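Residue 924 in the working numbering sits at position 23 of the sequence shown, with consecutive numbering throughout.
Just so it is clear, CB atoms sit at the ideal spot from N, CA and C, and this is done for glycine as well.
Keep in mind that this is a model prediction, so the values were computed, not measured.
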Amino acid sequence: MKTLTTTDELQAFCEEAAKHPYVTVDTEFLRERTYYSKLCLIQLAFAGDGETDAVLVDPLSDGLSLEPLYTLFRDEAVV
902 MKTLTTTDEL QAFCEEAAKH PYVTVDTEFL RERTYYSKLC LIQLAFAGDG ETDAVLVDPL
962 SDGLSLEPLY TLFRDEAVV
């Protein structure tokens with residue numbers, strides 16, 4: 902499983918994920934020492950048997966935009 906830390910890596914994964922009927926998503930938040938919960942980890946996967954079918958996304962990486970993920974979430978062809 903690979904950890905994605907750049908927008909380009911996330912874009913490539915989301916483009917591949919959009920070819921599948923569904924994507925699984927799990928998130929982890931930091932709720933201690935913060936007034937609002939802070940997104941700290943996103944886990945994504947789609948059906949397959951390859952090493953790149955499941956990834957971790959580090960939303961705290963400098964310069965990482967989650968826009969490719971938002972685009973995938975808006976895709977009505979993908980659950």
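| Check | Outcome |
| --- | --- |
| LEU942 - DSSP class collapsed to helix/strand/coil | strand |
| Cβ-based neighbour list, GLN912, same chain, cut-off 8 Å, excluding 5 preceding and 5 following | PRO969 |
| Ranges of the alpha helix (DSSP H) found wholly within the segment 943-973, counting only runs of at least 4 | none |
| DSSP state of THR908 mapped onto helix, strand, coil | helix |
| First through last residue of the beta strand (DSSP E) which encompasses ASP927 | 925-931 |
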